[in-house]
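**Q** Residue numbers (the working numbering): 63 to 390.
Glycine residues also receive a C-beta, built at the ideal position from the N, C-alpha and C atoms.
1) Span of the beta strand (DSSP E) holding residue 103?
2) Return the first residue and the last residue of the beta strand (DSSP E) that residue 113 is part of.
3) With H, G and I counted as helix, E and B as strand and the rest as coil, what does DSSP make of residue 76?
4) Answer yes or no: do residue 113 and residue 90 have a C-beta to C-beta separation smaller than 7 Å?
5) Taking the alpha carbon of residue 300 as the point to measure from, which residue in 188, 293 and 333 has its own alpha carbon closest?
6) Taking C-alpha atoms, which residue in 168, 285 and 172 lies nearest to residue 257?
7) Do the region 150-164 and the region 130-139 meet, that is, are 3 or more Cβ pairs less than 8 Å apart?
8) Under a three-way DSSP split, which group does residue 119 fall into?
9) So what does DSSP say about residue 307, is it helix, strand or coil?
10) Going straight from the alpha carbon of residue 384 to that of residue 371, what length do you get?
11) Per the DSSP calculation, residue 273 is bridged to which residue(s)?
12) Pull up the DSSP beta-bridge partners for residue 86, would you.
13) With 16 other CB atoms within 10 Å as the buried threshold, where does residue 179 fall?
14) Buried or exposed: which applies to residue 316, given that a residue is buried once 16 or more other Cβ atoms fall within 10 Å of its Cβ?
15) When the distance is taken between beta carbons, is residue 156 closer than 7 Å to residue 81?
16) If you draw a straight line from the C-alpha of residue 132 to the C-alpha of residue 169, how long is it?
17) Are the CB atoms of residue 340 and residue 270 within a distance shorter than 7 Å?
18) Among the candidates 102, 88 and 252, whose CA atom is the shortest distance from the CA of residue 126?
19) Between the beta-carbon of residue 291 and the beta-carbon of residue 254, is there less than 7 Å?
20) Look at the Cβ atom of residue 87, then the Cβ atom of residue 118, and state whether they are nearer than 7 Å.
21) Between residue 98 and residue 124, what straight-line distance do the alpha-carbon atoms span, to the nearest angstrom?
22) Just to confirm before moving on: does the CB-CB distance between residue 273 and residue 329 stay below 7 Å?
23) Contact defined as beta carbons within less than 8 Å: I believe residue 149 pairs with residue 191. What is the distance between those atoms, to the nearest angstrom?
24) Could you check which residue in 144, 145 and 295 has the C-alpha nearest to that of residue 304?
25) Around the C-beta of residue 140, are 16 or more other C-beta atoms found within 10 angstroms, so that it is buried, or is it exposed?
26) If you compare alpha carbons, which of 83, 75 and 71 is closest to residue 145?
27) Are the Cβ atoms of residue 260 and residue 342 separated by less than 7 Å?
28) Once the 5 residues before and after residue 308 are set aside, which same chain residues still bring their CB inside 8 Å of it?
29) Go through its chain and collect everything with a Cβ distance to residue 184's Cβ below 8 Å, but skip five positions before and after it.
30) Starting from the C-beta of residue 310, find all residues in its chain whose C-beta is less than 6 Å away, skip the five residues before and the five after it, and write them out in chain order.
31) Locate the beta strand (DSSP E) running through residue 188, then write down its first and last residues.
32) Among 234, 147 and 241, whose alpha-carbon lies nearest the alpha-carbon of residue 228?
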């Protein structure tokens, strides 16, 4: 027996007992099958590795080749089960799909290979193509997220009326901002956007950290709608500094935490800290001295502020000096 999770579209198909030969395909089923390859999967439950294309594409290609069901096994080790889901607005396949772990998938693959060497074809049996409700993915508590109307407790993500996507929020301690509590939710982007007009050439600098599902979820950073990083950052601990130079003129910056159709891993969020923007006002090109205390170098920080019960006064020459506050 192998523990599995049913695809989200299985409940829209006829529920029936499944008995069929188990076949394994070496490729990822991301392209249509033809000829001998198609004949090899006809009438079979096909075991295929996760990756490269969507669950819908894999299942459609195998269905067109005559397969009766698909078992996709994870391409990552030591990861929990999840429900394979169809992308929004996609046409659901006509055959069921199931998900197993990488470890169980390799055991099934090896068993199929051993049986083939002996001239046998292993048979797979499932009492229901929908599986039981107690196999649903368990949702984390939504306390602290923006989804106040979403139900809490156990249940499947695809059963929820509200699919999630908590917005970016500040940590209660005020040390950083994060991409929201989206643990247990899928198919989402959580956006943080900053639009700024630069009066001179400048830069944007920030510190970031990410803890997400490797190869699938992660943080994307864009400037003016174009990606700054070649791909989403999946894992980056501890906090890491990043700086991008910016030319004069209006610009927009977007930090997006994206999640695919299954699995929540680790903190399942991105964090930002110390967001610094230089070039947005002429005053930040250089700091002027305050009293006798030296200021920071051009464009690199803030002028020294006056002390307690003191205020900054600008004289006729533009010089700033710290003066005692009036008694009243």
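**A** Working from what's here:
1) Premise fails: residue 103 lies in the alpha helix (DSSP H), 97-103, not in any beta strand (DSSP E).
2) Looking at the DSSP string, residue 113 is not in any beta strand (DSSP E), and its letter there is neither H nor E.
3) coil
4) yes
5) 333
6) 285
7) yes
8) helix
9) strand
10) 10 Å
11) 297 and 331
12) 109
13) exposed
14) buried
15) no
16) 16 Å
17) no
18) 102
19) no
20) no
21) 13 Å
22) yes
23) Not a contact, Cβ separation roughly 21 Å.
24) 295
25) exposed
26) 71
27) yes
28) 260, 263, 264, 265, 266, 285 and 341
29) 83, 84, 173, 174 and 177
30) 260, 262 and 263
31) 185-188
32) 241
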